[in-house]
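Going down the list, the protein sequences come from chains X, U, R and H. Residue numbers for the first sequence follow our numbering, so the first one is 1 and each next one is one higher. Residue numbers for the second sequence follow our numbering, so the first one is 261 and each next one is one higher. Residue numbers for the third sequence follow our numbering, so the first one is 521 and each next one is one higher. Residue numbers for the fourth sequence follow our numbering, so the first one is 781 and each next one is one higher. For glycine and all other residues, C-beta sits at the position ideal for the given N, C-alpha and C.
There are 4 protein chains.
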Amino acid sequence: SGNFFLLAGPCAIEGEEIAMRIAERIVEITNKLEIPFIFKGSYRKANRSRLDSFSGIGDEKALKILKKVSDTFGVPTVTDIHSAEEAAMAAAYVDVLQIPAFLCRQTDLLVAAAKTGKFVNIKKGQFLSAESMKFAVDKVREMGNDQVILTDRGNMFGYQDMIVDYRGIPTMQKNNCPVVLDITHSLQQPNQTSGVTGGRPDLIETVAKAGIAVGVDGIFIETHPDPANAKSDGANMLHLDHLEDLLTKLVAIRKVINQF
Amino acid sequence: SGNFFLLAGPCAIEGEEIAMRIAERIVEITNKLEIPFIFKGSYRKANRSRLDSFSGIGDEKALKILKKVSDTFGVPTVTDIHSAEEAAMAAAYVDVLQIPAFLCRQTDLLVAAAKTGKFVNIKKGQFLSAESMKFAVDKVREMGNDQVILTDRGNMFGYQDMIVDYRGIPTMQKNNCPVVLDITHSLQQPNQTSGVTGGRPDLIETVAKAGIAVGVDGIFIETHPDPANAKSDGANMLHLDHLEDLLTKLVAIRKVINQF
Amino acid sequence: SGNFFLLAGPCAIEGEEIAMRIAERIVEITNKLEIPFIFKGSYRKANRSRLDSFSGIGDEKALKILKKVSDTFGVPTVTDIHSAEEAAMAAAYVDVLQIPAFLCRQTDLLVAAAKTGKFVNIKKGQFLSAESMKFAVDKVREMGNDQVILTDRGNMFGYQDMIVDYRGIPTMQKNNCPVVLDITHSLQQPNQTSGVTGGRPDLIETVAKAGIAVGVDGIFIETHPDPANAKSDGANMLHLDHLEDLLTKLVAIRKVINQF
Amino acid sequence: SGNFFLLAGPCAIEGEEIAMRIAERIVEITNKLEIPFIFKGSYRKANRSRLDSFSGIGDEKALKILKKVSDTFGVPTVTDIHSAEEAAMAAAYVDVLQIPAFLCRQTDLLVAAAKTGKFVNIKKGQFLSAESMKFAVDKVREMGNDQVILTDRGNMFGYQDMIVDYRGIPTMQKNNCPVVLDITHSLQQPNQTSGVTGGRPDLIETVAKAGIAVGVDGIFIETHPDPANAKSDGANMLHLDHLEDLLTKLVAIRKVINQF
């Protein structure tokens, strides 16, 4: 359809009922708007600031929920992995393995993900240039896997703020792979004294529109029916009720961009 | 027309013939595309890195050329001033006084510009937050002049690079004044060892599209029929031959944005 | 004596009695510690965030106080100027003309300061690299004035924070001119929502010790007997009662550095 | 002795002969200068930019060399680990487990390192504030291991540069653990287009002196008898022949600091 694709879902898999409910609603919206959809959910949160933060409901339990979403709604799924050992395990359940931004330089992890033959979505480190992501892409391709996606999630700007550098989108597209903009994490306000990352959810639409205008291939967005009570990243998740309105606008901009 | 407005012209007024030629072409394009147009030209370059850089053809000579452009084509003009003493002088010839980014905190300059009764276009310092620009706006308004425009021209990112922070656009619009994105200077690469600022003109379209998508009220762009031989800022100016294509795309995006 | 020199005083000249009192105390300390001392005071604050901030007691009145300090205690003085017109006026009263960081690229200002024949102390813009300061030095020297001093006052790090980049000290010293570290302004926290710059005075000693250790030629520090009630920059000024202790430590470090 | 301690050695363990030679020389120098010394060597390089970069001579082989250095010279050793699985393996051979900066938020890794009962040296991520490192310290301490060290290795400043923020040293010391400054990696110039990190070895002395002056507890420095031909990080390693001169100066500064 010439449309952008969407990676969306809750931050973490908190339970089957809520995962299914979120998936169902996104499927409904993306079907209507003809947006290719990949359901996203983390089965484990491995890099929280604080030890007492929520880290998951159990790996296998969460991965099975991802599989059920996929089977029920006929959509692919994506989840993030944190060590080489997790690659094969997660690959048994999902379609896209995501490499967290902090870990995008870890060769063992990239190689293990590549070897599963699944799509590998590499998030650009908040400290890396768009140009330097070609070395990460190479690590996957040299394993014989050409199914690479790159995702931008903003750049550190001082200690407690992030800025999206939209110049990085065309730069990363030079690697001949789809480039995604992660709206949710680009709006994080890290290094808060509380040990809980803050956010600027009022700016979701601003950041997303600019991304579509510069030609991103996909949008990544975390959404939840009750962000304030989500188990992680509540500060930035889009309320599920606002997703259709946002995507409708983005599709409209995309249609114009497609004409150029 | 609901369209954005355009501040455009060469960086500096290099001579009458070339100024008139550039103005004529932009008038032609902007009439066709129904874009309100303000002709831009500096009569003096006061903050060049190097003493041997081009600094102007003479203040009065350049200001008279701006006046001639205005009279001939029936368009308003904008130029930048660098000291309180220049405000009244420039105001005799142009419609909009522009405060350079480095000088946006100089109270005397803002007050003098405000007192002319002309529009005052304040460029956001590369080192200032969008939020803090409200104090600059106040300095103009408290002189009884409500004709304020704010312009973003990027933020320092390390010593030799700049990033546009699009979150700043809606933030500055909260001051109830038009907000412009300066495409040309947002792409500068300052602090080059040569003492000549570099640029990334290949990214003009990327930066501009994102600006329109997030809802800027105006676009600032320097353009020249021969950027490589322009007297200043050649590294970033758009070739005049490419202006129509760029603006055509921006108008198309704007039309979609206007529907929301 | 091989010692570093000191530029110190209140931020602004608030009145004669307090200026004399501060000067007397610093003279006492610097005589004891054999530190060459230059008394600092601004006669006008031209770049405050807010229009309602204190901007001075009157130019001539303040300049005469600087002259009286100089005559009474036999110490040179330094003050900052903001436009070419101010250069000759201030030069009639003080020994060193200081160019504010925001204005360090303004050619007219540098040239006017250079032509007075006085020492010119150029503050490095928070957005400029140490390397690029050689162009500012050139602007002064090409007027036939070789009495240039460079001062580092930190670099923007995000919108609301600054970091001193100590690598810049030896870099600027390559211009064969003294390099000063401005402790007070390096600890600013700009762009606060209140429009009043914040600070981190608890880190004064940390920033200063590192400066001496890397070999700065001079230290700039604002000090006041009652920082909380100072008319400007209260957030960062050192209490006058703590100056001797700080300088004693710095002299001790300097003595070791001098042995290398 | 009130002296700072030193973590030093080559970047990677390239072979037994060279490791022993480097260790022998550092032991000689540090004995003379009374500096507590911990020999450093990586047994695997897991986060190189490029897949074709040197990644090690084999884990066990390299770890045995570290053990031999320890047994021969009677010095403790430190090496970095990259996954929870590596913690117990490395702990069988070395005294300090080091957590790489990119991985300092990985809870599983910190917990696994803590559980070995060894010292855990956590490098502050280039994207993290000094304040936020308390959460990393907590993750180790809550496992019952109080032997934590924090190491600063600079902060991202733009894409291709880093700055040491010395304010972070006293901030991290508030956690009541020793704080080390990593001179070598603080001078990296990341994101180079070649995929090989650059450096500024001419500034080693500048960065180190400032660190000692602000009171770091330890210094981390990579050194090699032939940096140009080292297998990794050659751009920043100190030539072994220059180590004694550097440490002699640092010890002299430390002695003054100890008097305050």
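Quick one: is glycine 594 of chain R buried, meaning 16 or more other Cβ sit within 10 Å of its Cβ, or exposed? Along the third sequence, one-based indexing puts residue 594 of chain R at 74. So glycine 594 of chain R counts as exposed.
Backbone CA spacing between leucine 441 of chain U and alanine 213 of chain X [nearest angstrom]: One-based indexing of the second sequence puts residue 441 of chain U at position 181. One-based indexing of the first sequence puts residue 213 of chain X at position 213. Each residue's alpha carbon lies about 15 Å from the other.
Does the Cβ-Cβ distance between isoleucine 683 of chain R and isoleucine 949 of chain H come in under 8 Å? To locate residue 683 of chain R, count along the third sequence from 1; it is residue 163. To locate residue 949 of chain H, count along the fourth sequence from 1; it is residue 169. Going by C-beta atoms, isoleucine 683 of chain R is not nearer than 8 Å to isoleucine 949 of chain H.
Could you tell me whether the Cβ of leucine 243 of chain X comes closer than 8 Å to any Cβ of chain U? Counted from its first residue, the first sequence places residue 243 of chain X at position 243. Chain U, which has no Cβ nearer than 8 Å to the Cβ of leucine 243 of chain X, makes this no.
CB isoleucine 558 of chain R to CB phenylalanine 524 of chain R, shorter than 8 Å? Within the third sequence, residue 558 of chain R is the residue found at index 38, counting from 1. Within the third sequence, residue 524 of chain R is the residue found at index 4, counting from 1. Not closer than 8 Å, so no.
Taking the alpha helix (DSSP H) that leucine 109 of chain X belongs to, which residues open and close that run? Here residue 109 of chain X corresponds to residue number 109 of the first sequence, with the count starting at 1. From DSSP, the alpha helix (DSSP H) with leucine 109 of chain X extends over 107-115.
Residues of the region 672-700 of chain R whose Cβ lies closer than 8 Å to any Cβ of chain H, in chain order: Against chain H - using a Cβ distance shorter than 8 Å - the residues of the region 672-700 of chain R are Asn675, Phe677, Ile683, Val684, Asp685, Tyr686, Arg687, Ile689, Pro690.
Any beta carbon of chain R sitting closer than 8 Å to that of threonine 453 of chain U? Along the second sequence, read from residue 1 onward, the residue named residue 453 of chain U stands at position 193. Taking Cβ atoms only, chain R reaches closer than 8 Å to threonine 453 of chain U, which makes this a yes.
If we cut at 8 Å on Cβ distances, does arginine 805 of chain H have a partner in chain X? Taking the fourth sequence and counting its residues from 1, the one referred to as residue 805 of chain H is at position 25. The C-beta of arginine 805 of chain H comes no closer than 8 Å to any C-beta of chain X.
Is it buried or exposed, histidine 762 of chain R, if we count other Cβ atoms within 10 angstroms and call 16 or more buried? In the third sequence, counting from the first residue as 1, residue 762 of chain R sits at position 242. It is exposed - the Cβ of histidine 762 of chain R has fewer than 16 other Cβ atoms within 10 Å.
Could you tell me which whole alpha helix (DSSP H) segments of length 4 or greater appear in the region 654-742 of chain R? Taking only runs of at least 4 residues, the alpha helix (DSSP H) segments lying wholly in the region 654-742 of chain R are 688-693, 703-706, 724-733.
Interface residues of chain H around alanine 46 of chain X at Cβ under 7 Å? As a first step, residue 46 of chain X must be located in the first sequence, where it is residue number 46. Gln886, Thr887, Asp888, listed in chain order.
Under 8 Å by Cβ, that's how I've got isoleucine 793 of chain H and isoleucine 837 of chain H pegged, so tell me the actual separation to the nearest angstrom. Along the fourth sequence, one-based indexing puts residue 793 of chain H at 13. Along the fourth sequence, one-based indexing puts residue 837 of chain H at 57. Indeed, because the Cβ distance is near 7 Å, the residues count as touching under 8 Å.
Just checking: is the beta-carbon of aspartate 997 of chain H within a distance shorter than 8 Å of some beta-carbon in chain C? Judged by its chain identifiers, the structure shown contains no chain C, and its protein chains are X, U, R and H.
Of the listed residues U:Ala468, U:Gly494, U:His499, nearest to leucine 266 of chain U (C-alpha basis): Here the question's residue 266 of chain U lines up with position 6 in the second sequence. Checked all of U:Ala468, U:Gly494, U:His499; the closest Cα to leucine 266 of chain U is U:Ala468.
Can the beta-carbon of leucine 510 of chain U be found closer than 8 Å to that of isoleucine 479 of chain U? Indexing the second sequence from 1 puts residue 510 of chain U at position 250. Indexing the second sequence from 1 puts residue 479 of chain U at position 219. Against a cut-off of 8 Å, the Cβ pair of isoleucine 479 of chain U and leucine 510 of chain U comes out as a contact.
The beta strand (DSSP E) with aspartate 765 of chain R in it runs from where to where? Within the third sequence, numbered from 1, the residue matching residue 765 of chain R stands at position 245. In this chain, aspartate 765 of chain R is not harboured by any beta strand (DSSP E); it is covered by the alpha helix (DSSP H) spanning 763-779.
Run through the DSSP bridge pairs and tell me what valine 356 of chain U is partnered with. Taking the second sequence and counting its residues from 1, the one referred to as residue 356 of chain U is at position 96. By DSSP's assignment, valine 356 of chain U forms a beta bridge with U:Val338, U:Phe379.
For my contact list, lysine 45 of chain X and serine 55 of chain X are in at a C-beta cut-off of 8 Å; report their separation, rounded to the angstrom. Taking the first residue of the first sequence as position 1, residue 45 of chain X is located at position 45. Taking the first residue of the first sequence as position 1, residue 55 of chain X is located at position 55. That belief holds up - the Cβ atoms of lysine 45 of chain X and serine 55 of chain X are roughly 5 Å apart, short of 8 Å.
Among the residues of its own chain, which have a CB less than 7 Å from the CB of isoleucine 29 of chain X, if the five just before and after it don't count? Mapped onto the first sequence, residue 29 of chain X falls at position 29. Leu243, Glu244, Leu247, listed in sequence order.
Top-ranked residue by Cα proximity to methionine 403 of chain U, from R:Ile669, R:Asp572, R:Asp579: Numbered from its first residue, the second sequence carries residue 403 of chain U at position 143. The closest CA to that of methionine 403 of chain U, considering only R:Ile669, R:Asp572, R:Asp579, is found on R:Asp572.
If I follow the unbroken alpha helix (DSSP H) through alanine 799 of chain H, where does it start and stop? Within the fourth sequence, the letter at position 19 stands for residue 799 of chain H. Annotation for alanine 799 of chain H: the continuous alpha helix (DSSP H) segment containing it runs 796-813.
Since I believe aspartate 746 of chain R is in contact with glutamine 709 of chain R (beta carbons under 8 Å), could you give me their beta-carbon distance rounded to a whole number of angstroms? Within the third sequence, the letter at position 189 stands for residue 709 of chain R. Within the third sequence, the letter at position 226 stands for residue 746 of chain R. So it is not a contact: roughly 21 Å between Cβ atoms.
If we define contact as Cβ-Cβ less than 8 Å, is alanine 84 of chain X a contact residue for chain U? Walking along the first sequence from the start, residue 84 of chain X turns up at place 84. Output row for alanine 84 of chain X: interface = no.
Of the residues X:Ser129, X:Asp146, X:Phe102, the one placed nearest histidine 185 of chain X, counting alpha carbons only: As a working mapping, residue 185 of chain X is identified with position 185 in the first sequence. With distances taken between Cα atoms, histidine 185 of chain X lies closest to X:Phe102.
According to DSSP, residues forming a beta bridge with isoleucine 65 of chain X: Counted from its first residue, the first sequence places residue 65 of chain X at position 65. Answer by DSSP bridge pairing: none, since isoleucine 65 of chain X is not bridged.
Is the distance from the Cβ of lysine 399 of chain U to the Cβ of leucine 370 of chain U below 8 Å? For this step, residue 399 of chain U is matched to residue 139 along the second sequence. For this step, residue 370 of chain U is matched to residue 110 along the second sequence. Yes, the pair counts as a contact, with Cβ atoms nearer than the cut-off.
Kindly identify the DSSP beta-bridge partner or partners of alanine 8 of chain X. For the purposes of this step, residue 8 of chain X is taken as residue 8 along the first sequence, with counting starting at 1. X:Phe39, X:Ile221, per the DSSP bridge assignment.
Using only CA atoms, which one of X:Lys255, X:Val94, X:Tyr159, X:Ile81 lies nearest to glutamine 126 of chain X? Numbered from its first residue, the first sequence carries residue 126 of chain X at position 126. Looking from the CA of glutamine 126 of chain X, the closest CA among X:Lys255, X:Val94, X:Tyr159, X:Ile81 belongs to X:Tyr159.
Chain H contact residues for leucine 128 of chain X, given Cβ-Cβ distances below 7 Å: If you number the first sequence from 1, residue 128 of chain X lands on position 128. Chain H residues near leucine 128 of chain X: Asn971.
Let's test the definition: count the other Cβ atoms within 10 Å of the Cβ of aspartate 406 of chain U and tell me whether it reaches 16, buried, or not, exposed. Sequence index remark: in the second sequence, residue 406 of chain U carries index 146 (1-based). Classification of aspartate 406 of chain U: exposed, given that the 10 Å Cβ count is below 16.
Valine 660 of chain R at chain H interface by Cβ criterion, 8 Å: Counting from one through the third sequence, the residue named residue 660 of chain R turns up at place 140. Taking 8 Å as the threshold, the shortest C-beta distance from valine 660 of chain R to chain H does not fall below it.
For a contact defined as C-beta to C-beta under 7 Å, what are the partners of leucine 51 of chain X on chain H? Position 51 of the first sequence, counting from 1, holds the residue named residue 51 of chain X. Within chain H, the residues placing a beta-carbon under 7 Å from that of leucine 51 of chain X are Thr887, Asp918, Lys919, Glu922, ordered along the chain.
What does DSSP give as the partner residue(s) for leucine 648 of chain R in the beta ladder? Stepping through the third sequence from its first residue, residue 648 of chain R is reached at position 128. For leucine 648 of chain R, which the question treats as bridged, DSSP gives no partner whatsoever.
Would you report the Cα separation of lysine 775 of chain R and asparagine 811 of chain H, rounded to the nearest angstrom? The sequence position of residue 775 of chain R within the third sequence is 255, counting from 1. The sequence position of residue 811 of chain H within the fourth sequence is 31, counting from 1. Separation of lysine 775 of chain R and asparagine 811 of chain H (C-alpha to C-alpha, rounded to the nearest whole angstrom) is 25 Å.
Cβ-based neighbour list, arginine 828 of chain H, same chain, cut-off 7 Å, excluding 5 preceding and 5 following: Numbered from its first residue, the fourth sequence carries residue 828 of chain H at position 48. Shown here for arginine 828 of chain H: same chain residues with a beta carbon closer than 7 Å to its own, the five before and five after excluded, namely Ser835 in chain order.
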